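Chemist: Counting with this note's numbering, you get residues 6 to 58 for the letters of the sequence shown.
Where is the CB? At the ideal position from N, CA and C, for every residue including glycine.
Every value quoted in this text rests on a predicted model; they were computed, and no experiment measured them.
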Amino acid sequence: MRLKERPEVIANHLEQRWILNLVLSFDHRLIDGAVAARFMNAVVKRLEDPSLL
Numbered sequence: 006m007r008l009k010e011r012p013e014v015i016a017n018h019l020e021q022r023w024i025l026n027l028v029l030s031f032d033h034r035l036i037d038g039a040v041a042a043r044f045m046n047a048v049v050k051r052l053e054d055p056s057l058l
């Protein structure tokens with residue numbers, strides 16, 4: 006997991022944003038890909054809105 010500050014275009018102007026590259030792996034013998042995708046979406050949602058933590 007690595008956190009970096011990078012420029013990003015927001016509403017036609019440049020802003021500095023924190024970007025997190027997050028990688029998780031799942032064993033498909035134990036967890037279906039759709040379940041893993043829902044879990045990843047839930048993680049992303051909470052990281053984007055810390056009030057949900």
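Kindly indicate which three-state DSSP category R11 falls into: helix, strand or coil?
Modeler: Taking the sequence shown and counting its residues from 1, one reaches residue 11 at position 6. It is a strand residue.
Chemist: Could you give the first and the last residue of the continuous alpha helix (DSSP H) run that contains N46?
Modeler: What you label residue 46 is simply residue 41 of the sequence shown in a count that begins at 1. Note, N46: alpha helix (DSSP H), G38 to E53.
Chemist: DSSP three-state label for L59, please.
Modeler: In the structure as shown, the chain starts at 6 and stops at 58, and residue 59 therefore has no counterpart that could be examined.
Chemist: Could you say which of E20, L27, D37 and V14 lies nearest to L8 if we only look at CA atoms?
Modeler: Against the sequence shown, residue 8 aligns to sequence position 3. Looking at the Cα atoms, L27 is the closest of the given residues.
Chemist: Expressed to the nearest angstrom, what Euclidean distance is found between the alpha-carbon atoms of S56 and A47?
Modeler: Translated into positions along the sequence shown, residue 56 becomes position 51. Translated into positions along the sequence shown, residue 47 becomes position 42. If I take the Cα positions, the gap works out to 13 Å.
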